[in-house]
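S.K.: Questions regarding the structure given below will be posed in turn.
Residue numbers (the working numbering): 7 to 508.
Following this line, the structure appears as structure tokens:
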């Protein structure tokens with residue numbers, strides 16, 4: 007139930023769990039609550055069931071306490087919440103799916119105003135134009151389900167490895183920072199399908215943006231959106247889903263460093279030169295197994311033909327090749343659970359992550375990766391994995407647009423890596439940070455500066471802001487900082503790894 011924040015409960019509750027300092031945003035809690043109340047903005051009462059649900063992060067290693075949580079049901083609520091945050095002097099952040107690895111929807115630190123978007127999840131497909139209007143709080147599974155139900159159409163978007171969480175990811179943070187997934191090699195990134203958006207800016211005004219309307223804002227939100235404003239509605243172009251797709255899993259038997267090096271090199275050559283546009287694939291490396299897995303736009307026979315050049319070279323076995331309709335693959339990558347999720351949502355893990363983009367690895371660079379994998383990572387007893395998406399290459403739809411077309415800075419890279427290390431219970435151990443960081447560094451130490459990048463949707467939460475900005479946005483950072491200065495000069499939408507104003 008949505009209720010106004012009782013001031014006494016809020017202040018006493020926050021004081022009991024957080025130290026009060028002169029500069030603390032929690033000193034402004036009463037004034038903020040009063041402003042929100044007078045403006046009629048719906049809020050979570052402190053320590054209510056809704057508060058506990060909305061404040062609980064996906065990554066339990068990164069718990070933060072906001073100064074308040076608002077739960078808007080319309081654009082005016084968001085405008086008023088932003089106006090109150092600016093007037094009172096607290097930072098504000100939109101939270102859509104609550105799936106940020108860095109808990110950025112909660113501010114990435116204590117004392118922000120969280121704007122919980124997931125009650126705003128309507129989706130309307132225009133049958134004539136194929137344009138879908140998607141509210142900013144919708145989750146990916148809801149988007150996929152509704153677009154199929156309303157017209158058997160889709161948008162290219164991602165999944166997130168792990169039980170019960172793939173399609174609970176919010177469309178907001180996902181699409182605004184890239185949106186890579188199991189259709190991206192064929193259909194591009196989620197942000198490539200955005201044709202317009204409605205955005206609440208830091209001065210609480212509402213603007214529409216597209217290639218012809220507020221084009222600088224439109225450019226910036228497609229890659230760095232959470233630093234620029236709060237998107238209340240997306241306009242997505244959509245595509246007609248194929249009649250038949252085939253999802254697959256092909257384990258590889260690489261028992262030695264030599265075998266893994268040969269196999270990885272074969273995957274790299276395939277991605278560079280032979281991989282058909284209809285094939286979407288990643289190399290998934292875990293403690294106990296290594297798989298090739300993905301999605302093919304076509305039937306099982308077509309998949310087998312597409313993979314044939316690679317199977318023998320990698321010593322792979324096609325253990326699963328399941329042909330079905332579009333919703334069959336949606337359910338598969340959602341681990342078989344109900345993917346049409348809205349509110350409430352409550353799933354958590356305790357982990358540390360990092361990411362990497364690289365181009366083709368030479369012999370020395372590949373040896374560095376494989377050596378760390380076999381000599382160090384394999385001895386890690388925690389539940390870890392490295393996911394290497396075949397992001398680029400000659401036939402990749404990700405690589406086709408001009409890199410300057412959007413603020414997504416890493417189109418030209420062949421590989422996108424996610425490094426993920428988690429514990430099932432208890433506190434994440436300090437040595438885990440070293441394990442993951444050294445895995446990344448073992449590769450980057452062999453690379454030249456400015457020849458690799460990182461992905462903000464797979465953030466390394468231990469990076470400082472200057473390093474993070476350079477790693478996530480590369481050559482686009484100066485333009486982003488200039489736009490940030492124009493639309494959010496006081497950095498209202500701050501988080502510890504966001505774009506800073508010039």
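Beta carbons are placed, not taken as given, at the ideal position from N, Cα and C, and that holds for glycine.
By a C-beta neighbour count over all protein chains shown, 10 Å radius and 16 as the cutoff for buried, is residue 307 buried or exposed?
M.R.: Looking at its Cβ environment, which holds fewer than 16 other Cβ atoms inside 10 Å, residue 307 is exposed.
S.K.: Spatial neighbours of residue 153 within its chain, please: CB distance less than 8 Å, with the 5 preceding and 5 following residues excluded, ordered by chain position.
M.R.: Answer for residue 153: 129, 131, 138, 159, 160, 161 and 244, listed in chain order.
S.K.: Give the range of the alpha helix (DSSP H) segment to which residue 369 is assigned.
M.R.: That run of the alpha helix (DSSP H) goes 369-381.
S.K.: Excluding the 5 residues preceding and the 5 following residue 295 in the sequence, name in chain order all residues of the same chain whose CB lies nearer than 7 Å to its CB.
M.R.: Correct list, in chain order: 257.
S.K.: For residue 376 and residue 266, I'd like the C-alpha separation in whole angstroms.
M.R.: C-alpha separation (whole angstroms): 7 Å.
S.K.: Drop a sphere of 10 angstroms on the beta-carbon of residue 72, count the other beta-carbons inside from all chains shown, and report buried for 16 or more, exposed for fewer.
M.R.: By the 10 Å Cβ count, residue 72 comes out buried.
S.K.: To the nearest angstrom, how far is it from the Cα of residue 51 to the Cα of residue 57?
M.R.: So the alpha carbons of these two residues sit roughly 6 Å apart.
S.K.: Give the straight-line distance between the Cα atoms of residue 298 and residue 191, rounded to the nearest whole angstrom.
M.R.: Each residue's alpha carbon lies about 15 Å from the other.
S.K.: From which residue to which residue does the beta strand (DSSP E) around residue 5 run?
M.R.: Residue numbering for the chain in the displayed model covers 7 to 508; residue 5 lies beyond these limits and cannot be assessed.
S.K.: In the DSSP output, what is residue 421 paired with across the bridge?
M.R.: BP columns for residue 421 point to 364 and 396.
S.K.: Give the DSSP-derived three-state secondary structure of residue 38 in the structure shown.
M.R.: The answer is helix: DSSP assigns residue 38 an H, G or I state.
S.K.: Quick one: using the 10 Å Cβ neighbour count with 16 as the cut-off for buried, is residue 456 buried or exposed?
M.R.: With fewer than 16 other Cβ atoms within 10 Å, it is exposed.
S.K.: Along the chain, where does the alpha helix (DSSP H) containing residue 315 start, and where does it finish?
M.R.: Element bounds for residue 315: 306-320.
S.K.: Excluding the five sequence neighbours on either side, which residues of its own chain have a C-beta within less than 8 Å of the C-beta of residue 221, listed in chain order?
M.R.: Hits under 8 Å: 215.
S.K.: Return the residue from the list 36, 237 and 35 that minimises the CA-CA distance to residue 211.
M.R.: Residue 237 is the option with its Cα nearest to residue 211.
S.K.: When the Cα atoms are used, what is the spatial distance from residue 491 to residue 508?
M.R.: Each residue's alpha carbon lies about 6 Å from the other.
S.K.: For residue 334, report the span of its alpha helix (DSSP H) as first-last.
M.R.: From DSSP, the alpha helix (DSSP H) with residue 334 extends over 332-339.
S.K.: Does the Cβ-Cβ distance between residue 227 and residue 203 come in under 9 Å?
M.R.: Their beta carbons are under 9 Å apart, which means residue 227 touches residue 203 by this criterion.
S.K.: With H, G and I counted as helix, E and B as strand and the rest as coil, what does DSSP make of residue 218?
M.R.: In the structure shown, residue 218 sits in coil (DSSP, three-state: anything other than H, G, I, E or B).
S.K.: State the start and end residues of the unbroken alpha helix (DSSP H) segment that holds residue 84.
M.R.: Start and end: 81-94.
S.K.: Can you find the residues in the same chain that come closer than 8 Å, C-beta to C-beta, to residue 284, ignoring five residues on each side of it along the sequence?
M.R.: Correct list, in chain order: 192, 302, 303, 304, 308 and 312.
S.K.: Residue 359 by DSSP, collapsed to three states: which one?
M.R.: Looking at residue 359 - three-state DSSP - the assignment turns out to be strand.
S.K.: If we call anything under 9 Å between Cβ atoms a contact, is residue 219 one with residue 141?
M.R.: Taking 9 Å as the Cβ cut-off, residue 219 and residue 141 do not qualify as a contacting pair.
S.K.: Is it buried or exposed for residue 355, if we count other Cβ within 10 angstroms and need 16 for buried?
M.R.: It is buried - the Cβ of residue 355 has at least 16 other Cβ atoms within 10 Å.
S.K.: I want to know whether the region 319-335 touches the region 387-398 - three or more CB-CB distances under 8 Å.
M.R.: As far as the Cβ criterion goes, the region 319-335 does not touch the region 387-398, which means the pair count is below three.
S.K.: Could you pull the DSSP bridge partners for residue 290 from this structure?
M.R.: The partner list for residue 290 (beta bridge, DSSP) reads 297 and 393.
S.K.: Out of 85, 97 and 80, which has the shortest C-alpha to C-alpha gap to residue 124?
M.R.: The candidate whose alpha carbon is nearest that of residue 124 is 80.
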